[in-house]
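Protein chains in written order, with the working numbering: chain E, 1 to 323; chain C, 324 to 1446.
Heads up, the beta-carbon is just placed ideally off N, CA and C, and yes, glycines get one too.
Take a look at the structure below.
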Amino acid sequence: MKAGPSRTNRPDNTAFTQQRLPAWQPILSAGIVIPGFTLIGLAFIGVGVALFVTSQKITDLEVRGKRDTHAVLFFFQGPVFFYYGLTSYYQNFRTYGVSKDGYQLSGDTYYFNVRAWYSCAPYQYDSNNNPIVPCGSIANSMFSDTFQLYQVVNGMKKQVPLDGKGIAWWTDYNIKYSNPALVNGSFANAFSGTVKPVNWSKPVYELDPTDQANNGFLNQNFLVWMRQAALPKFQKLYGRIAEGDYAQGLPAGNYTLLINYSYPVISFGGTKKVVLSNVSWMGGKNQFLGIAYLVIGSLCIVMAMVMLIIYAKYKFTDDDEDM
Amino acid sequence: MLRRRLNRLFGGDEKRVDSRTIYVGNRPCPATETFIPPKFCDNRIVSSKYTIWNFLPKNLFEQFRRIANFYFLIIFLVQVIVDTPTSPVTSGLPLFFVITVTAIKQGYEDWLRHKADSEVNKYPVRVLEDGQPARKDSEKIKVGDIVEVVEDETFPCDLILLQSSRDDDTCFVTTASLDGESNHKTHYTVPDMEKDLQSLSATIECEQPQPDLYKFVGRMHIYKPEHDPAVRSLGPENLLLKGATLKNTKKIYGVAVYTGMETKMALNYQGKSQKRSAVEKSINAFLLVYLCILISKAVVCTTLKYVWQSQDGQDEPWYNQKTEKEKGTILYVKMFTDFLSFMVLFNFIIPVSMYVTVEMQKFLGSFFITWDRDFFDPEIEEGALVNTSDLNEELGQVEYVFTDKTGTLTQNNMEFIECCIDGFQYTAFSSELDSFCVTDGPVSTFQEKAGREKEELFLRALCLCHTVQVKEAGPDELGGDQVDGPASEPLRPAEQRGFIASSPDEVALVKGAMRYGFTFLGLESKTMKIKNWQNDVEEYELLHVLNFDPVRRRMSVIVRSKSGDTLLFCKGADSSIFPRVRPEEVERIRMHVQRSATEGYRTLCVAYKRLSVDEYAAADAGLREARLALQDREEKLMAVYNQVETAMSLIGATAVEDRLQEEAAQTMEALQGAGMKVWVLTGDKMETAKSTCYACRLFRRSTELLELTVRTLESGGRRREEMLHDLLFDFHRKAVQDAPPARAGVNRSWSSANPEYGFIVDGAALALVMNPSPDTNCSRYRSLFLQICQNCTAVLCCRMAPLQKAQIVKMVKNSKGSPITLSIGDGANDVSMILEAHVGIGVKGKEGRQAVRNSDYAIPKLKHLRKLLLAHGHLYYIRIAHLVQYFFYKNLCFILPQFLYQFFCGCSQQPLYDAAYLTMYNICFTSMPILAYSLLEQQIAIEVLLDNATLYRDIAKNAMLRWGPFLYWTVLAVFQGLIFFFGVKYLFSNPALQDNGQVFGNWSYGTIVFTVLVFTVTLKLALDTRHWTWINHFVIWGSLAFYVVFSFFWGGIIWPFLKQQRLYFVFFNMLSSVSAWLVIILLIVLSLLPDILLGVLRKPRGPHTQQIAVVTPLSYKHLREHY
């Protein structure tokens, strides 16, 4: 038992147990931080300038209220994106946000009647106790205004085609959402026994009767609406102007926007707007990033200089103390 | 005193006076008409806490008794019951994880205990049944059974020794597993036992079980058909404790008196009181702050929600109709559930994982102490021992060090230096061992010598007055008395003649006598044999031993010589001997004693007394009667002792040197340099202790000593009380009022300007201060005394009873500012102060293991204290303080954006982050780096910490966990939280962030904020890390990588169990947006800027660089002065 007590009792002599693991011990010395700050500052200013310039180049045109004729004074570089915006609209209400059924929207007809967790309240059943499909507050409150854009050429209205495809996330369209299988060769039959959401004017299987690929749960406007906005002031993509004569952009001229005004916002003090905008590599127009980069970049440079002064001063006094 | 105190601590059984009666062999006795077998518990040891059936409920109950777990349970229940924003899984999963891990750990530990228990319980033992030994399982032993134990077996329960195979009715045991003392102890059979155990008819009356290992009182009645019942007294020397091992004895028989859970061993395993560290108190304070933040956040949000809803059209906009249920709820109930929902939403601000991480840090961190090779002592072949890991960080916070002197500051390795016989001084030869010849050699510094009889008497006294045993070596020793020691120790063969004693002083004295030519040969069946100068063997019958105790401070033996003289030899401290001898003898010796004491030797005075036949008869009767007493036996014995030990005549005095521990002086200097006040608390006399203090450099030549001792109190010729009053005020004026206000950090090195004070107080004076006569102002004295003490660089308290040591510790502990105290000691007399102090350190010394068992940490030598405090303590403190601050910080800036988001979602409790992120943030994404940091960080290298004790002052008074740093961290967290949230908010003023014009929604918003958060928080820790081992690299970069991988994984699959695929491809889309990348980089850099800036600006004027520069040369100068 006591064969090798020294062997058994003596702690292991490893770097780990003796807290002597080889270690890199960086110290944030002025010698590193000042050049570092300068570099970061320069890089940030560079990025900031690029962002700012890009953002400046993006054209956007906001249309508020009910005026419907606009003059575009210059060539609007394409592709142009057509957004609608709402304010004071809380798509991020918690009760609102949970009021949908993901299983149903993935095309599972089982969930047309059966409600998991009663998640779609208060829009699960209509007053006659018929199941609502698509159920829930989000679907029920889908944005219902429709827009038509015309260029006024020589007093004639020439329609600018708004492409409602490619406005939703690819994965939403292709994977996350899917339509139920046809029943007896009819899409509408798949929804038999269900009723449309109370606020809708037409059932979900007639959202886009012209294009089955954009119909039902896969209607891209529906998909865009179902992706909740982050803030009460938001804009959502309505369509792209990427086809035909206007694929390269909107030429300067007078345009008329025809709005089928049906979506109520006054009751909760909200407003609506329409935005025409082109995008760059950084997305839509947003001055914030560019300015922020510029400010912080310059801040870094200033701090580097302040530090240089302080450091120079104290370095000398330190040397004096050591003497 | 100490024992009684311990009893009170352990169980408080003192009040229970009833005794138990045991029928030996479970046979009825003639004295009792009706034999009712008394019911005692069986011999099953149950150290396990749970059974299979009660494990789940009991363990859960135990766990939820912790306030934190209970809080999380409540949150979880609220989530289950109330309709809350986050699913119960988010808080249920971490809680479940924590509870499960703890339950598994405790279950495993309990399983080990079960296994150990059944090993003990099923151990085969032999019990005498009808005269024949019968095999039984150990657990079947009943009280009263006669048990047979053979050599090298451990006793299965507490036994009264009835019969031994040895001729002298003794047996030897070692109690190594009980108290760590590995020497053999002698136990005695009940006196005059008959050999035939089968026919023995006896009862034992003894006290109820109590945990004190060294205390036992009982009485045995032996009934014989034709005689009156004989009564024998039983003491601890008759009791064989469960857990001890039989040695050197072939076989014994004993009767079980205490079994199972009532054995002294089992009673001793009841846990100690929990000590809590200052850091834990800080955590609780911070928790309270965060709880307030949490509640106020919830209140603000609830209020705002209803204010906002009272506006037109906002309560129920058409697009978000209320459900029937919501409409039906009463407003106040709704408000309350809203409040609860907000609480749940923000509850992550107080994380479950912090407790787990803190526990893990403490548990794992303490291994570094046990692993440290610097703590390994090759002599005892042991390293440091950690009994509790709860106090690691407290080691970095010590302000007062209370140290024992003997065995701690000094080696407790006694060497006989000189003696004084009848006023003449004799110096010991160091080289010539066996021939002390009075007539040749310069043995005396004086010309004259004492008479030869006096010398012989003195040496006989040394040889007889002790409780030393001669160690029995192998059979080859039988031949001679000067046998060489074991081959492994060839150096000092004669001295290696194994002597075993409870105190090293005794061995030193016996060895000293051996050098002078009187050799103690051993004690056999009550006969002590000594060999005198003429090589004749003298025999003395040992009649009584009047044991040593710290109150009496002396011990005596009564022996009868061959010639029939009855002699009492007594040795003890001068203060306890001088009043008991003839005054005219005292003066001759006193001078020597004082001189020896000044040189730092331990002195003992030796006296003797010739007892007349009548005197002895009286003493004998008194002692026997007192020993038979069941109640107050100790008090009664003490009275008899005091009565017998009077009117003695003084023969001489001895001086024994106790060498300083290695590096004692350097250690003390380092501790003082670290700003700790060192108090020496010793039972030794003032002169000895004072010289030790000088030797340890606690006092210097320049130190002005303030003495508050019996001597100074009595010098003025006035009443002690008056003198005490004057002295106290005088000292107070000197040390407190006139002293310039202490400058933090640099008081020692500037000491040349203002005088240093050392304060000396002794037990009697302390008693006056603590418990003055009723007419004086008690609390006033006490506070004066405390103030004086606190303003002195070193305090020496001598002549302390163990309880007084604890009293002093308690006084300082409860003084203003409640400083952190540390007690270090090695002996049983230090246990009370070790238990009392915040941190108790046991030195694995020679006085047994009691101090070690009761300590929080045990180290082999005093010198290890330096590294333990300066390096380990410092690092642990920094680590845990940073851990705590960081945890609060990261959770504040985690939850703040979620709070701010409420203002933009109509206060609807919409979570900003996905449930997976909410759950994983504290468990996975940010937990490992801080754990690695809190285990490995060395902001200052260990060598530097050891060399510059002043660095310890930087963290004194809980510096890193005070409100200042807490505020800094909180402000930083708020700043970063604001940046995270508003930075992303401004970005989302146009949610079209991709080059295909598509827009991002709320989950993208949350994911961007969360990504910034995880990276910032981790990089902030990376900035704070000064010691990057590969583990840090692995964990920090690994955590970030894990976050990215997890996000891909979590967002890359349609999870069938999820109702809403909220995060589906959110992370991918975020990464495909250049703007998102840019904003993430921007916000991370911006959040970290102030910290980098502060770090750099603080550096050139940092406290370390200057202090090291200023203090180091000065303290070296100090060193040089004293060499």
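#1: Going along chain C in order, which residues have a C-beta closer than 9 Å to the C-beta of Q148 of chain E?
#2: With 9 Å set as the bound, which would you pick, yes or no: does the beta-carbon of M303 of chain E sit closer than that to a beta-carbon of chain C?
#3: With 9 Å set as the bound, which would you pick, yes or no: does the beta-carbon of L218 of chain E sit closer than that to a beta-carbon of chain C?
#4: Please classify N607 of chain C as buried or exposed, where buried requires at least 16 neighbouring CB atoms within 10 angstroms.
#5: Enumerate, from N- to C-terminal direction, the unbroken beta strand (DSSP E) stretches of 3 or more residues contained entirely within the stretch 452 to 519 of chain C.
#6: Determine whether the beta carbon atoms of P1314 of chain C and Q287 of chain E lie at a separation below 9 Å.
#7: Taking contact to mean 3 or more Cβ pairs, one atom from each stretch, closer than 8 Å, check whether the stretch 1259 to 1279 of chain C and the stretch 1377 to 1393 of chain C are in contact.
#8: Quick one, which of C:N571, C:V1419 and C:G730 has its alpha-carbon nearest G1165 of chain C's?
#9: Please compile the residues from chain E whose C-beta is within a distance smaller than 8 Å of the C-beta of D1318 of chain C.
#10: Within its chain, find whatever has a CB closer than 7 Å to the CB of Q220 of chain E; leave out the 5 residues flanking it on each side and keep chain order.
#11: Along the chain, where does the beta strand (DSSP E) that runs through K272 of chain E open and close?
#12: If the cut is a Cβ gap below 8 Å, which residues of chain E does A1315 of chain C touch?
#13: Starting from E603 of chain C and walking both ways along the alpha helix (DSSP H), at which residues does that stretch end?
#14: So, is the C-beta of R64 of chain E closer than 9 Å to a C-beta in chain C?
#15: Please confirm if the stretch 646 to 666 of chain C is in contact with the stretch 625 to 636 of chain C, defined as three or more CB-CB distances below 8 Å between the two stretches.
#16: What are the residues of the stretch 161 to 178 of chain E that lie near chain C, defined by any Cβ-Cβ distance shorter than 9 Å?
#17: Using only alpha-carbon positions, find the residue among C:L960, C:L383, C:V630 and C:V1132 that is nearest to M1093 of chain C.
#18: Shorter than 9 Å from the beta carbon of A229 of chain E to some beta carbon of chain C?
#19: If we ignore side chains and look at the alpha-carbon of each, how far apart do D661 of chain C and I132 of chain E end up?
#20: So, using beta-carbon positions, are F363 of chain C and T582 of chain C closer together than 9 Å?
#21: Below 8 Å on the Cβ atoms is my guess for T977 of chain C versus G840 of chain C; work out the distance and round it to an integer in Å.
#22: Verify the CB distance criterion: does L39 of chain E have a CB-CB separation below 9 Å to chain C?
#23: Is DSSP giving V405 of chain C helix, strand or coil here?
#24: Determine, using beta-carbon pairs with one atom in the stretch 1251 to 1270 of chain C and one in the stretch 1338 to 1350 of chain C, whether at least three such pairs fall under 8 Å.
#25: If you follow the alpha helix (DSSP H) that F739 of chain C is in, where does it begin and where does it stop?
#26: When the Cα atoms are used, what is the spatial distance from A749 of chain C to L1047 of chain C?
#27: Is F1369 of chain C near M1251 of chain C, with beta carbons less than 9 Å apart?
#28: Considering only residues of the stretch 74 to 106 of chain E, which uninterrupted beta strand (DSSP E) runs meet the minimum length of 3 residues and lie entirely inside it, listed in chain order?
#29: Inspect the beta-carbon positions of A1190 of chain C and C1115 of chain C and report whether they are closer than 9 Å.
#30: Kindly provide the ranges of any alpha helix (DSSP H) runs that are 4 or more residues long and lie completely inside the stretch 1074 to 1157 of chain C, ordered along the chain.
#31: Give the C-beta separation of L869 of chain C and M851 of chain C to the nearest angstrom, bearing in mind that I take them to be a contact with Cβ-Cβ under 8 Å.
#32: How far does the beta strand (DSSP E) with Q1060 of chain C in it reach, from first residue to last?
#33: From the DSSP output, which residues share a beta bridge with W1002 of chain C?
#34: Does the beta carbon of V1402 of chain C sit closer than 9 Å to a beta carbon anywhere in chain E?
#35: For a contact meaning CB atoms closer than 7 Å, what does P35 of chain E contact in chain C?
#36: I'd like to confirm the pairing. Which residues does DSSP put opposite Q966 of chain C in its beta bridges?
This is what the structure gives:
#1: As a position in the first sequence, residue 148 of chain E is number 148, starting the count at 1. The contacting residues do not exist; Q148 of chain E stays about 19 Å from chain C at best.
#2: As a working mapping, residue 303 of chain E is identified with position 303 in the first sequence. Closer than 9 Å: yes.
#3: As a first step, residue 218 of chain E must be located in the first sequence, where it is residue number 218. No, no contact with chain C.
#4: Numbered from its first residue, the second sequence carries residue 607 of chain C at position 284. By the neighbour-count rule (16 or more Cβ atoms within 10 Å), N607 of chain C is not buried but exposed.
#5: 455 to 460, 469 to 473, 481 to 487, 493 to 497 and 507 to 511
#6: On the second sequence, residue 1314 of chain C is found 991 positions in, with the first residue counted as 1. On the first sequence, residue 287 of chain E is found 287 positions in, with the first residue counted as 1. Contact check for P1314 of chain C against Q287 of chain E fails: the beta carbons are separated by 9 Å or more.
#7: no
#8: If you number the second sequence from 1, residue 1165 of chain C lands on position 842. The candidate whose alpha carbon is nearest that of G1165 of chain C is C:G730.
#9: Here residue 1318 of chain C refers to the residue found at position 995 when the second sequence is read from its first residue. Under the 8 Å cutoff, chain E gives V279, S280, W281, M282 and G283.
#10: For this step, residue 220 of chain E is matched to residue 220 along the first sequence. Excluding sequence neighbours, Q220 of chain E sits near G164, K165, I167, A168, Y173 and N214.
#11: Here residue 272 of chain E refers to the residue found at position 272 of the first sequence. Element bounds for K272 of chain E: K272 to N278.
#12: Position 992 of the second sequence, counted from the start, is the residue given in the question as residue 1315 of chain C. The contacting residues are F81, Y83, Q235, L237, S277, V279, G283 and G284.
#13: Here residue 603 of chain C is taken as the residue at index 280 of the second sequence, counted from 1. A601 to Q632 is the extent of the alpha helix (DSSP H) around E603 of chain C.
#14: As a first step, residue 64 of chain E must be located in the first sequence, where it is residue number 64. Taking Cβ atoms only, chain C never reaches closer than 9 Å to R64 of chain E, which makes this a no.
#15: yes
#16: G166, I167, A168, W169, W170, T171, D172, I175 and K176
#17: Indexing the second sequence from 1 puts residue 1093 of chain C at position 770. Among C:L960, C:L383, C:V630 and C:V1132, the Cα nearest to that of M1093 of chain C belongs to C:V1132.
#18: The residue labelled residue 229 of chain E in the question sits at position 229 within the first sequence. Output row for A229 of chain E: interface = yes.
#19: The count along the second sequence starts at 1 and reaches residue 661 of chain C at position 338. The count along the first sequence starts at 1 and reaches residue 132 of chain E at position 132. Their backbone Cα atoms lie some 29 Å apart in a straight line.
#20: In the second sequence, the residue the question calls residue 363 of chain C occupies position 40. In the second sequence, the residue the question calls residue 582 of chain C occupies position 259. Using a Cβ distance threshold of 9 Å, F363 of chain C and T582 of chain C count as a contacting pair.
#21: The residue labelled residue 977 of chain C in the question sits at position 654 within the second sequence. The residue labelled residue 840 of chain C in the question sits at position 517 within the second sequence. So it is not a contact: roughly 16 Å between Cβ atoms.
#22: Locating residue 39 of chain E in the first sequence gives position 39, where the first residue counts as 1. It does not; no Cβ of chain C falls within 9 Å.
#23: Taking the first residue of the second sequence as position 1, residue 405 of chain C is located at position 82. In the structure shown, V405 of chain C sits in coil (DSSP, three-state: anything other than H, G, I, E or B).
#24: Contact holds: three or more Cβ-Cβ distances are below 8 Å.
#25: Start at 1 with the first residue of the second sequence, and residue 739 of chain C comes out as number 416. Unbroken run through F739 of chain C is the beta strand (DSSP E), T733 to I744; no alpha helix (DSSP H).
#26: Counted from its first residue, the second sequence places residue 749 of chain C at position 426. Counted from its first residue, the second sequence places residue 1047 of chain C at position 724. In the sequence as presented, Ala is not what sits at residue 749 of chain C; that position holds Tyr. Roughly 39 Å separates the two Cα atoms.
#27: The sequence position of residue 1369 of chain C within the second sequence is 1046, counting from 1. The sequence position of residue 1251 of chain C within the second sequence is 928, counting from 1. Their beta carbons are not under 9 Å apart, which means F1369 of chain C does not touch M1251 of chain C by this criterion.
#28: The qualifying runs are 80 to 86.
#29: Taking the second sequence and counting its residues from 1, one reaches residue 1190 of chain C at position 867. Taking the second sequence and counting its residues from 1, one reaches residue 1115 of chain C at position 792. At residue 1190 of chain C the sequence reads Lys, which differs from the Ala that was named. Cβ distance not < 9 Å, so K1190 of chain C and C1115 of chain C don't count as in contact.
#30: 1086 to 1093, 1101 to 1114 and 1125 to 1136
#31: Taking the second sequence and counting its residues from 1, one reaches residue 869 of chain C at position 546. Taking the second sequence and counting its residues from 1, one reaches residue 851 of chain C at position 528. Contact between L869 of chain C and M851 of chain C fails: their C-beta atoms lie close to 15 Å from each other, not under 8 Å.
#32: Residue mapping note: residue 1060 of chain C aligns to position 737 of the second sequence, counting from 1. Careful: Q1060 of chain C lies outside any beta strand (DSSP E) and carries neither H nor E.
#33: Position 679 of the second sequence, counted from the start, is the residue given in the question as residue 1002 of chain C. DSSP output for W1002 of chain C lists C:F725 and C:V1118 as bridge partner(s).
#34: As a first step, residue 1402 of chain C must be located in the second sequence, where it is residue number 1079. Cβ-Cβ to chain E under 9 Å: yes for V1402 of chain C.
#35: Start at 1 with the first residue of the first sequence, and residue 35 of chain E comes out as number 35. Here the premise fails: no neighbours, minimum Cβ distance about 12 Å.
#36: As a working note, residue 966 of chain C is residue 643 in the second sequence. For Q966 of chain C, no pairing in a beta bridge is given by DSSP.
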